[in-house]
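To start, the structure itself, in structure tokens.
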Amino acid sequence: MSTIIDLGKLRFLYRGTYNAATNYELNDVVSYGGNAYVYINRIAGAGTAPSTTSHWSNMVDGLTDQVNYDNSATYQKNDLVKVSGRVYRCLQTTTGNTPPNATYWVLFLDAFKYKGDWDAATAYFINDIVVQSGLSYIATANSTNEEPPNASYWTVFTEGFKVRGVYAAGTTYQLNDLVESGGNVWRCKAKTVGNEMPNATYWDLYIQALNQRGNWTTATVYKKDDTVTHLGQSYRALNNHTAGASFLTDFTGNNHWTRLSSGQYYRGGYADATQYFKNDLVTTGSAPNLNLYMNINDHLSNGTNITDGTEVANWQTIISGQFTTSSIFIAQSYFFGTMN
0 MSTIIDLGKL
10 RFLYRGTYNA
20 ATNYELNDVV
30 SYGGNAYVYI
40 NRIAGAGTAP
50 STTSHWSNMV
60 DGLTDQVNYD
70 NSATYQKNDL
80 VKVSGRVYRC
90 LQTTTGNTPP
100 NATYWVLFLD
110 AFKYKGDWDA
120 ATAYFINDIV
130 VQSGLSYIAT
140 ANSTNEEPPN
150 ASYWTVFTEG
160 FKVRGVYAAG
170 TTYQLNDLVE
180 SGGNVWRCKA
190 KTVGNEMPNA
200 TYWDLYIQAL
210 NQRGNWTTAT
220 VYKKDDTVTH
230 LGQSYRALNN
240 HTAGASFLTD
250 FTGNNHWTRL
260 SSGQYYRGGY
270 ADATQYFKND
280 LVTTGSAPNL
290 NLYMNINDHL
300 SNGTNITDGT
310 EVANWQTIIS
320 GQFTTSSIFI
330 AQSYFFGTMN
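Residue numbering for the sequence shown follows numbering that gives the first Met the number 0, beginning at 0 and increasing consecutively.
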């Protein structure tokens, strides 16, 4: 009895990439998912995938680059896919299981992907880098509409600042936004809308400065560190406020201002029920023999005459009975105190 031997089957025959419609025989070799498989079933057949161990044997492991991950695609063992900046290797046949699912994928190459400004509608993946108000954040978990600095999904990658201009009550500010108010620059500490500086929960003073606002006027909104001039003297705002009808009340009663620099201001003849400030100069008497007085207390005058008991303690006599106003007088400086 004779035996017929097919000499073609004494060696492997490479058949290219696996095709479910092709009929495969013993020792046929195909590429599938980056690996090489050899057909081991003695009965030829089609439609049995190389992942079926009764028909195929893994001959050589390899890798196949599938570029960007597609949730609708079917991936085989050793396929490589990119998800943002990371590359993953497939562990077994899968469809619809997005990396980093540990059952189907293992991290093959770690990297980053810059995604620009954070956007609520964008899906972000691990190691994506976004910018939010001057800070760069790196994603620590997949997310959509989870805004930095949410610590469950993001961590600070690099720290910076974003200049946002003059403060506006209706604007949303983020961590490390720099905002100007009253001449100062403030750094935002946490996301906020409508919480005006110097609210310490949301703002730190970053640069202190002064903002010159000209002459003080009633009903004007002033910010901390605004400066004004009133009757020849300069003042700095201690807090945010709206000016009242009386500067003296705002200054001595409400503590809205502190004096920056003193000057001398000639106020003319003394008058009752008038706001006077330190170093104001007034006259009493009749020309040409006037009396010159300098005010030593910020106050509202309370006396028909400057020498009344209710008023006299607020004034220092500079010249008595021999004073005549002139242009030379305007150019002089007067001091009250003890000379050593």
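Note that beta-carbon positions come from the ideal geometry of N, C-alpha and C, so glycine has one too.
Going by DSSP, which residues form a beta bridge with residue i?
i	result
I206	V184
T200	DSSP lists no partner for T200.
E179	V165 and V184
D127	K112
W104	C89
A150	Answer is none; A150 lacks a bridge partner.
G268	T282
T241	V220
T191	Y172
Is it buried or exposed for residue i, if we count other Cβ within 10 angstroms and need 16 for buried?
i	result
P49	buried
T191	buried
T93	buried
G308	exposed
V392	Here the chain has residues from 0 to 339 only, and residue 392 is not among them.
P287	exposed
G181	buried
A19	exposed
G61	exposed
Y113	exposed
R10	exposed
N183	buried
V165	exposed
G84	buried
R41	exposed
A138	buried
G169	exposed
Q207	exposed
Y53	The question names Tyr, but residue 53 in the sequence shown is Ser. The residue in question, S53, is exposed, as its Cβ has fewer than 16 Cβ neighbours within 10 Å.
G213	exposed
According to DSSP, is residue i helix, strand or coil?
i	result
A140	coil
F246	helix
N96	coil
T273	coil
N313	helix
T251	helix
A119	coil
G231	coil
Q321	strand
T337	Per-residue confidence for T337 stands at a pLDDT of 45, beneath the threshold of 50, marking its modelled position as unreliable; no derived number is given.
R10	coil
L291	strand
G159	coil
S135	strand
L259	strand
N278	coil
A330	Residue placement at A330 is poorly supported in this model, since its pLDDT is 47, which falls under 50; the coordinates still yield a value, given next. Three-state result, A330: coil.
D225	strand
A286	coil
Q173	coil
N214	strand
A236	strand
From this set, the options, which residue's C-alpha is nearest residue i's C-alpha?
i	options	result
K277	N70, P287, A312 and D60	A312
G159	N96, V129, D307 and L237	V129
S285	G268, T102, S30 and D297	G268
A236	T226, S245 and G243	T226
G320	Q274, G302, Y292 and L299	Y292
Y265	F250, H229, T241 and F246	H229
G133	R163, T303 and Y221	R163
V220	Q211, Q232, L209 and N239	N239
L90	V82, K81 and L106	L106
S30	A43, W55 and R41	W55
T345	L247, A218 and T251	One cannot answer for residue 345 here, as it falls past the ends of the chain, which runs 0 to 339.
T216	A270, A208, Y234 and A110	Y234
W256	M58, D297, A270 and Y36	D297
M58	V66, V28 and A45	V28
S260	G169, A199, G15 and G231	G231
Y342	T248, N96, Y38 and N210	Within the shown structure, residues of the chain are numbered from 0 to 339, placing residue 342 beyond reach of any answer.
L25	A167, V37, N198 and L174	V37
P98	G193, Y68 and D224	Y68
T16	I39, T63, T51 and A43	T63
Y201	A189, K81 and I318	A189
* To do: Would you mind listing the alpha helix (DSSP H) stretches within the stretch 15-85 that are 4+ residues and don't spill past its ends, in chain order?
  => none
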